[in-house]
Every structure is written in structure tokens, then in C-alpha cells.
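For reference, the structure is listed below as C-alpha cells.
There are 2 protein chains.
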Amino acid sequence: MPQTMTKPAPEAAIKRQTVTSAVADALRRRIIAGEYPGGHQIRQEAVAAELGVSRIPVREALVQLESEGLVVIHTHRGAVVSELDIEDALDIFDSRILLEPFIIKRAIERAGEAEIRNVQAALAQYERALQQGADPAELSRLNWALHIAMLAPAGRPRTLAVLQSLYGTADRYMRLQIKGKAAQSRAMEDHDALVAAYVARDAVAAARLLKEHIARAREDVIAGLKQTPQGASAS
Amino acid sequence: MPQTMTKPAPEAAIKRQTVTSAVADALRRRIIAGEYPGGHQIRQEAVAAELGVSRIPVREALVQLESEGLVVIHTHRGAVVSELDIEDALDIFDSRILLEPFIIKRAIERAGEAEIRNVQAALAQYERALQQGADPAELSRLNWALHIAMLAPAGRPRTLAVLQSLYGTADRYMRLQIKGKAAQSRAMEDHDALVAAYVARDAVAAARLLKEHIARAREDVIAGLKQTPQGASAS
DNA sequence: GTTTGTTAGATTGTATCCAATCTACATTAT
DNA sequence: ATAATGTAGATTGGATACAATCTAACAAAC
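Protein chains in written order, with the working numbering: chain D, 19 to 253; chain B, 19 to 253.
As C-alpha cells, this is what we get:
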């Protein structure tokens with residue numbers, strides 16, 4: 019009998035880069051950076067020519083982005099970068115406030131030493147970037163990486179995917195806030211306290227701090243949306 | 019200065035049926051019905067030939083389905099129908115338990131007379147179908163329509179979309195349970211009590227009942243998964 | 001007998017081309 | 001002048017064709 023059992027599931031299968039995913043990354047970056055502001059029409063032909071590919075991968079990338087909530091596709095009329103109004107922001111942040119504290123409690127219960135160290139490393143990386151004055155895109159990426167590091171040990175990949183999508187949708191609108199010095203220092207305090215509770219394995223405190231942290235981010239984004247009703251483009 | 023012209027969209031824009039969306043519907047139906055069991059490889063060419071279309075809309079439909087969690091696409095190796103294990107089920111139902119009770123509270127606060135009547139109508143339609151012995155697909159559709167009718171007045175379309183996706187992913191595995199007479203009568207009791215609280219505008223009671231209702235569905239699905247480790251195909 | 005290299009077939013990824021639909025402008029009738 | 005209508009250009013949706021990659025079977029070497 020075959021004792022040389024073929025591995026039933028490698029489980030670390032590499033996700034090879036394809037043109038479609040590369041285009042999706044490029045478009046996502048442009049939308050989040052504000053290069054394509056809300057309401058902007060994305061012309062398939064233009065994107066294809068600019069990136070030196072055909073329109074097929076561009077279209078498939080747009081289908082992906084629509085599922086992420088970044089664009090809306092109207093049949094025969096193309097893809098438009100979706101706009102976030104205050105209701106949408108409340109929608110997104112309320113869901114995060116419900117899901118993330120629950121997940122972090124479970125994560126703390128299940129996190130091993132290695133996971134704890136990952137969280138500390140993610141925090142250190144974030145603060146280092148902050149001190150070095152990294153650009154908002156990098157800061158946002160590292161901020162979310164910290165959240166992921168804290169939440170991932172819960173072993174809830176589907177909920178995590180939902181959260182990632184929600185974060186990505188609101189990300190554009192957090193950039194304006196993330197620049198403010200006041201918001202930066204407050205976020206840093208939040209993170210320090212949160213990671214401290216995490217390392218101490220105080221699940222209840224961590225859940226409460228995370229909830230408050232997200233609530234503050236929500237207020238920041240809403241305040242920003244109120245004074246900037248429509249997405250201002252970044253030249 | 020534009021004062022408040024944030025809403026130029028008619029908001030009832032029809033979503034014209036395209037071949038891609040038709041293919042997505044067909045594949046979704048087959049997966050949910052168990053015609054394509056978990057682990058089944060979906061061959062683009064075969065689907066295209068069978069539906070009389072080219073492979074392009076099939077590919078775009080698969081990208082959509084991947085975002086819904088129904089399939090997993092491996093580069094150069096095709097799309098495989100995703101399987102639900104017990105961890106996934108817990109993942110999905112825990113998120114629903116967190117989100118739906120919150121949303122229903124908000125919905126009850128904002129529901130008008132017309133929305134209340136919609137809920138009652140959805141319940142009546144569900145129970146009528148149950149008495150007439152409708153097939154599981156129809157029952158599941160009406161069950162979810164009832165949930166949507168109760169949740170929609172909250173005005174949280176993004177959260178609702180998330181819930182729809184979560185429901186759709188677990189839907190396949192609820193079919194087996196939905197056939198059982200015991201589960202059916204219990205679900206009917208749940209629905210009756212829930213809609214009664216909804217009509218009485220008792221938000222707290224409705225949230226509690228909904229939470230318990232989803233928890234019971236979760237237990238049913240988990241029990242089913244335990245005795246049927248892999249998705250059994252429906253001939 | 002096991003393992004490694006090779007090669008043919010199958011399957012997916014992408015480019016090119018054609019058809020269907022939309023948008024904008026010009027024309028005409030009221 | 002205004003509104004309705006028709007037509008041309010632009011843009012997206014879909015089909016066909018080709019290239020890249022994977023899978024599996026087979027041969028050769030240890």
C-alpha cells in the first residue's frame with residue numbers, strides 16, 4: 019500500500035502573479051491613493067494601453083474591484099469609482115466595531131508566543147515608519163497589517179476577508195485623517211495600549227480598546243467627509 | 019458651490035442582464051443545489067460549451083463567485099468549488115450572529131408601515147411554500163427573503179451585502195437540514211415569534227430571538243457536517 | 001524498484017477582432 | 001426656440017485564436 023502518501027493539502031500553495039491580479043493591484047492602488055477620485059470613470063482601453071496589456075485582464079480586475087466595493091460597473095457604461103457618503107462610512111465602521119472586538123478576544127485565547135511576537139513586530143514597524151515620516155499609503159498598509167496580526171490567530175479567515183474588504187473600502191477616506199499630527203499621536207496611544215493588553219492576554223480589555231479605537235477612527239472619517247462632501251482628487 | 023446635490027442617481031437603475039451575470043447565476047445555482055459538490059473542478063470550456071457561450075463570461079463569472087467564497091481559483095489550475103468544514107461554518111454563523119441582531123434593532127427603529135407589511139408578506143409566503151412542500155431551493159430563497167425584508171429597513175446596504183454573501187456560502191449546507199420536519203417546524207416557530215416581535219417593534223426581543231434563531235441554524239448545520247464530512251453530491 | 005527527466009495532451013491566461021450598446025451632436029418638424 | 005429623431009463615433013460586451021502553464025504518462029538512469 020502506498021505509504022508514500024501524497025500530501026493531501028500543501029496549504030501553503032503559492033498564488034502566482036497573473037496579469038489580471040497585477041492590474042487589480044495597480045487600479046486598487048490608484049483608487050486608494052486618490053489618483054482616481056470618486057466618480058471617476060475608468061476606461062478599459064486607456065488602462066490597458068497604459069499598462070501595456072489587453073482589455074481582458076483589465077475587465078476581470080474591474081469585476082474583482084466591484085466585489086470589493088471600490089467601483090460600480092454599469093452594463094455597457096463602464097466602471098465608476100464608487101463614492102463613500104457618511105451613511106456608507108457608518109455602515110462600514112459599525113460592522114468593524116461589531117466584528118473586530120469579537121475576533122480579537124478569540125485571537126488572544128488562541129495566540130501562541132510566535133503570534134504575540136508578530137504583533138509586537140508589526141507595532142514596532144508601524145511606529146518606525148511613523149517616525150520616519152512614511153507616506154500615508156505605507157502607514158495605512160502597516161496599520162492594517164497590525165490589525166491583521168492581532169486578529170489572524172483567531173483562525174477565522176472568512177470574517178477576516180470581510181474585514182479586509184471593509185477596511186479597503188474606507189481606506190481612501192482615512193488617508194486625509196492619517197496625515198494629521200493629532201490623529202497620529204492618538205492612534206499611536208491607542209495602539210500602544212491595545213498591544214499591551216494583547217501581550218498581557220487581557221482579552222476583555224483588548225476588545226474594549228479596539229472598539230474605542232475603531233470608533234475614534236470612524237469619527238475622524240465622518241468629520242473629514244462632512245467638510246469634504248465629495249472626494250477631492252490628489253494631483 | 020453645489021449645496022447638496024449628492025444624490026443625482028435615480029437609485030433604481032436597472033441592472034441589465036448580461037451573459038456574464040447569467041453564467042454566474044447558473045453556476046451559483048448549481049453549486050448551491052449540490053450539482054457541483056465541494057471539491058468539484060469547474061472546467062471553463064465545458065461550462066462554456068454547455069451554456070452556448072464563450073469562455074470569457076465564464077471566467078468573469080468565476081471571479082465573481084470567488085469573491086463570494088463559493089469557489090477558489092488557482093492560477094493555471096482552474097476553479098474548484100470550495101468546501102465548508104466545521105470551522106468555516108462557525109466562522110460564517112458567528113459573523114451573522116454578531117451582525118444581524120444589531121442590524122435588526124436599527125431596522126425596527128426605522129421601519130415604516132410599508133416595511134412591516136413587507137415582512138408579514140414575506141413570512142406568509144414562506145409558510146405557504148412550506149405547506150405546499152416547495153423544494154429546498156425555493157424554501158431557502160424565501161427564508162432569506164424574509165431575513166432581508168426584516169433587515170433592509172436599517173439602510174445598511176454594505177453590511178447587508180456581506181450578510182448575503184455569508185448566507186450564500188453556507189446555503190448549500192443548510193439544504194440538508196431544511197428538509198427535516200423537526201427543523202422545519204422549529205424554524206416556523208422561530209419565525210413566528212420573531213415577526214411578532216418585529217411587528218410589535220420590540221427591538222430588544224427581536225434581536226434576542228434572531229440571535230437564537232441563527233444559533234439554532236448553526237447547530238443544525240454543524241451537526242449535518244459532522245455526520246457528512248464531505249459534501250455529498252446530489253444526482 | 002525507485003527516482004528523475006522528457007514529452008504530449010489538456011487546460012488556463014491573454015491578445016486580437018467583431019458585435020451590441022451608449023453618448024453626443026446634428027437635423028428636422030412643430 | 002424647443003423638442004423629437006436619426007446618425008456617427010466611442011466604448012463596452014463577447015467570440016475566436018494563440019501563448020503559457022500544468023498534468024500525467026512514459027522512458028531512462030541510478
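Quick reminder that beta carbons are idealized off the backbone N, C-alpha and C, glycines included. This one's a predicted model, so the numbers in the text were calculated from it and none came from an experiment.
Along the region 210-224 of chain B, there is no position whose C-beta sits under 9 angstroms from a C-beta of chain D. For T38 of chain D against A67 of chain D, the beta-carbon gap comes to about 17 angstroms, at or over 8 angstroms, which does not count as contact. In this model, A172 of chain B and V71 of chain D are separated by some 43 angstroms (Cα to Cα). The beta carbon of D238 of chain D does not come within 7 angstroms of any beta carbon belonging to chain B, so the residue lies off that interface. Not flagged as an interface residue toward chain B: R95 of chain D, since no C-beta distance is shorter than 7 angstroms.
Counted as a single uninterrupted DSSP element, the alpha helix (DSSP H) harbouring A64 of chain B occupies residues Q62 to L69. Sequence-distant Cβ neighbours of M168 of chain B in its own chain, meaning closer than 7 angstroms and more than five residues away, are I122, A125, V137 and Y216. With contacts defined as CB atoms closer than 7 angstroms, D208 of chain B and H231 of chain B qualify as a contacting pair.
Counting C-beta pairs with one atom in each stretch, the region 47-63 of chain B and the region 87-101 of chain B have three or more that are closer than 8 angstroms, which means they touch. Secondary structure note for A215 of chain B: its alpha helix (DSSP H) is the uninterrupted segment K199 to V217. By the 16-neighbour rule on beta-carbons within 10 angstroms, A218 of chain D is exposed. Here R193 of chain D has P154 as same chain residues with Cβ atoms under 6 angstroms from its own Cβ, once five neighbours each way along the sequence are excluded.
Here H92 of chain B is bridged, per DSSP, to B:G96.
Counting every other CB atom within 10 Å of its CB across the protein chains shown gives G87 of chain B a total of 16 or more, marking it as buried.
Neighbourhood of L116 of chain D in chain B, by CB distance below 8 angstroms: L116, L117 and F120, in chain order. One finds T93 and H94 in chain B with Cβ atoms closer than 9 angstroms to the Cβ of T36 of chain D, taken in chain order. Between K229 of chain D and I115 of chain D, the C-beta spacing is below 7 angstroms. In the three-state reduction of the DSSP assignment, Q35 of chain D falls in the coil class, being assigned neither a helical nor a strand state. Among the residues facing chain D, R176 of chain B is included, as its CB has a counterpart in that chain under 7 angstroms away. By the criterion of at least three beta-carbon pairs nearer than 8 angstroms, the region 178-196 of chain B is not in contact with the region 139-150 of chain B. A residue is called buried when at least 16 other Cβ atoms come within 10 angstroms of its Cβ; A139 of chain D does not meet this threshold and is exposed.
With respect to L181 of chain B, L108 of chain B sits apart: the two C-beta atoms are not nearer than 7 angstroms.
Across the region 66-77 of chain D, CB contacts with chain B closer than 8 angstroms involve I74 and R77, in sequence order along the chain. DSSP places Q150 of chain D outside both helix and strand once states are collapsed to three, so it counts as coil.
Assignment of beta-bridge partners to Q59 of chain D by DSSP yields D:V98. By the rule that beta-carbons nearer than 7 angstroms mark a contact, V81 of chain D touches chain B. Setting aside the 5 residues that flank it on each side, R46 of chain D is surrounded in the same chain by L83 and L88, each with a C-beta closer than 7 angstroms to its C-beta; the list follows chain order. Flagged as an interface residue toward chain D: S85 of chain B, by a C-beta distance shorter than 7 angstroms.
A distance below 7 angstroms between beta-carbons, with the five flanking residues on each side excluded, links I49 of chain B to the following residues of its chain, in chain order: L88, V99 and R190.
Minimum Cα-Cα distance from D220 of chain B among the listed residues B:D106, B:L102, B:R128 and B:V81 corresponds to B:R128. Contact between L157 of chain D and L243 of chain D is ruled out by a C-beta separation of about 20 angstroms, above the 8 angstroms threshold.
Looking at D:A214, D:A223, D:K199 and D:R226, the one whose alpha-carbon comes closest to that of D238 of chain D is D:K199. Taking a beta-carbon distance threshold of 7 angstroms, I110 of chain B counts as an interface residue toward chain D.
For R174 of chain D, there is no enclosing alpha helix (DSSP H), since its DSSP letter is neither H nor E. The alpha-carbon separation between R174 of chain D and L184 of chain B amounts to approximately 13 angstroms.
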